[in-house]
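Residue numbers (my numbering), protein chains in the order written: chain L, 604 to 886; chain E, 202 to 280. Note that the Cβ used here is the ideal one computed from N, Cα and C, for glycine as well. Notes to accompany the following structure.
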């Protein structure tokens, strides 16, 4: 009987790894064909390849950053993304490209005209369609190894605890302060880190919040908070969510593979208008 | 009394160094509040601000003390 490992080895080819050494890689076409033939998920085939030290070629340019173990960890991970708007769209796309194996995406909205200026996944032909449906389709088209669990609904704290169970990291890509606070409480109950991002005008902010941290609850209190911040005056242009979501993605990847130093108790402010980047120590 | 002020994000334009964003010392009458400091700096009255004094969140009517260190930033919540 021919094993999966044997088939992977037979289909892999030598490939320069970029540092002058050589590795064995398998093309997307061969991964897809093998998954069909053996009735396996693409993710399973990619994981089996990595275990055999055969790199799915699609991750070649990530290898120097995340390493073999890191790529296995990413493909084995589950990340929750709450909000599929300006931030969430970019976050989902980047996590899919990095090969984060399972995404739980939650949003109760449909795409509207006012999303077209900045939301990565929103095309004119998507207006009126649920954001999570469009996002799931994008992920399938970009990286079919990634499994998406989508939830088209407005959520409260209890819902988020239920829907995000099993996520190792949760991303706050929401657009309203009370729901962000509810999400922090949910992440606290699930005992998982939360990567917060928010935008207004040229300003983006990012912070990673551990269950024990004050985070947004410490900053904004747990009493009555306004729905929105200064973004109602400063607007939400195209580049600010890209800039901010990019940092959120870096935080998620670092947390999953255990590299670097997260922005814990540090609010990173990026002010693109004045070229100013600051870190505020948050209690 | 003198306090040390650090303005973040879009608020830094109201500092004496313009948008450079460095901390600066500011002299105020005894007993002034955070709100009075904001007015003195020229921050528009309607602008929403989150204030930390000695690393603790305070209301804008919080009275300041000599030597206090303030961090001020706008609530940013868009996505």
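Original post:
Does the beta-carbon of residue 757 (chain L) have 16 or more other beta-carbons within 10 angstroms, so that it is buried, or is it exposed?
Top reply: The residue labelled residue 757 (chain L) in the question sits at position 154 within the first chain. Label assigned to residue 757 (chain L): exposed.
Original post:
In chain E, what lies closer than 9 Å to residue 886 (chain L) by C-beta?
Top reply: The residue you call residue 886 (chain L) lines up with position 283 of the first chain. Under the 9 Å cutoff, chain E gives 253, 256, 257, 258.
Subject >> Option nearest residue 832 (chain L) by Cα separation, candidates L:854, L:845, L:806, L:846 >> reply: Your numbering for residue 832 (chain L) matches position 229 in the first chain. Of the listed residues, the one whose Cα sits closest to residue 832 (chain L) is L:806.
**OP:** Could you pull the start and end residues of the beta strand (DSSP E) that residue 870 (chain L) belongs to?
**Re:** For the purposes of this step, residue 870 (chain L) is taken as the residue at position 267 of the first chain. That run of the beta strand (DSSP E) goes 869 to 874.
Original post:
Which ranges does the beta strand (DSSP E) cover as unbroken runs of at least 3 residues, wholly within the segment 727 to 776 of chain L, from first to last along the chain?
Top reply: The qualifying runs are 750 to 754, 772 to 775.
Original post:
chain L beta carbons: is any one of them nearer than 9 Å to that of residue 215 (chain E)?
Top reply: Walking along the second chain from the start, residue 215 (chain E) turns up at place 14. Judged by the 9 Å Cβ criterion, residue 215 (chain E) is not in contact with chain L.
Original post:
From the beta carbon of residue 209 (chain E), is the nearest beta carbon of chain L less than 9 Å away?
Top reply: Here residue 209 (chain E) refers to the residue found at position 8 when the second chain is read from its first residue. So, interface residue.
Subject >> Cβ-heavy atom distance, residue 862 (chain L) to the ligand HEM, below 8 Å >> reply: Absent from the structure shown: the ligand HEM. Ligands present: none.
Subject >> Short-range partners of chain L found in the segment 256 to 280 of chain E, where Cβ spacing is below 8 Å >> reply: 256, 257, 258, 272, 274, 275, 276, 277, 278, 279, 280
Subject >> Sequence-distant residues of the same chain with beta carbon closer than 7 Å to residue 868 (chain L), five excluded per side >> reply: Numbered from 1 along the first chain, position 265 holds the residue referred to as residue 868 (chain L). 816, 884, 885, listed in sequence order.
**OP:** Report all residues from its chain with a CB closer than 8 Å to the CB of residue 875 (chain L); omit the five preceding and five following residues, and keep chain order.
**Re:** Translated into positions along the first chain, residue 875 (chain L) becomes position 272. Sequence-distant partners of residue 875 (chain L) (beyond 5 residues in either direction) whose C-beta falls short of 8 Å from its own C-beta, in its chain, are 805, 806, 807, 842, 843, 846.
**OP:** Rounded to whole angstroms, what's the CA-CA distance from residue 767 (chain L) to residue 223 (chain E)? Just pull it up for me.
**Re:** By 1-based counting over the first chain, the position of residue 767 (chain L) is 164. By 1-based counting over the second chain, the position of residue 223 (chain E) is 22. Cα-Cα distance, rounded: 40 Å.
Original post:
Along chain E, in chain order, which residues have C-beta atoms closer than 8 Å to that of residue 783 (chain L)?
Top reply: To locate residue 783 (chain L), count along the first chain from 1; it is residue 180. Ordered by position in chain E, the residues that pass the 8 Å Cβ test against residue 783 (chain L) are 278.
Subject >> Nonlocal neighbours in the same chain, by C-beta distance under 8 Å from residue 627 (chain L), ignoring five residues either side >> reply: Along the first chain, read from residue 1 onward, the residue named residue 627 (chain L) stands at position 24. Within the same chain, residue 627 (chain L) has close Cβ partners 612, 615, 616, 617, 618, 656, 657, 658.
Original post:
Quick one: complete alpha helix (DSSP H) runs, 4+ long, within the segment 208 to 244 of chain E?
Top reply: Entirely contained in the segment 208 to 244 of chain E, the alpha helix (DSSP H) runs reaching 4 residues are, in chain order, 235 to 242.
Subject >> Cα-Cα separation between residue 271 (chain E) and residue 241 (chain E), rounded to whole angstroms >> reply: Here residue 271 (chain E) corresponds to residue number 70 of the second chain, with the count starting at 1. Here residue 241 (chain E) corresponds to residue number 40 of the second chain, with the count starting at 1. Distance between the alpha carbons of residue 271 (chain E) and residue 241 (chain E) is about 14 Å.
Original post:
Hey, is residue 243 (chain E)'s beta-carbon within less than 9 Å of any beta-carbon in chain L?
Top reply: On the second chain, position 42 is the one that residue 243 (chain E) refers to. No, because no Cβ of chain L sits closer than 9 Å to the Cβ of residue 243 (chain E).
**OP:** Alpha carbon to alpha carbon, how far is residue 202 (chain E) from residue 720 (chain L)? Give it in angstroms, no decimals.
**Re:** As a position in the first chain, residue 720 (chain L) is number 117, starting the count at 1. As a position in the second chain, residue 202 (chain E) is number 1, starting the count at 1. Near 47 Å, if we compare the C-alpha coordinates of residue 202 (chain E) and residue 720 (chain L).
**OP:** Can you give me the Cβ contacts of residue 820 (chain L) inside the same chain, cut-off strictly under 8 Å, excluding the 5 residues immediately before and after it?
**Re:** Stepping through the first chain from its first residue, residue 820 (chain L) is reached at position 217. Once the five neighbours on either side are set aside, the close Cβ partners of residue 820 (chain L) are 784, 787, 788.
Original post:
Quick one: Cα of residue 860 (chain L) to Cα of residue 672 (chain L), how far?
Top reply: Looking up residue 860 (chain L) in the first chain gives position 257. Looking up residue 672 (chain L) in the first chain gives position 69. Roughly 8 Å between the two C-alpha positions.
Original post:
How would you list, in chain order, the residues of chain L whose beta-carbon sits under 7 Å from the beta-carbon of residue 220 (chain E)?
Top reply: Position 19 of the second chain holds residue 220 (chain E). By Cβ distance, chain L contributes 877, 879.
Original post:
With a cut-off of 9 Å, does the C-beta of residue 230 (chain E) fall near any C-beta of chain L?
Top reply: On the second chain, position 29 is the one that residue 230 (chain E) refers to. Answer no: the Cβ-Cβ gap between residue 230 (chain E) and chain L never drops below 9 Å.
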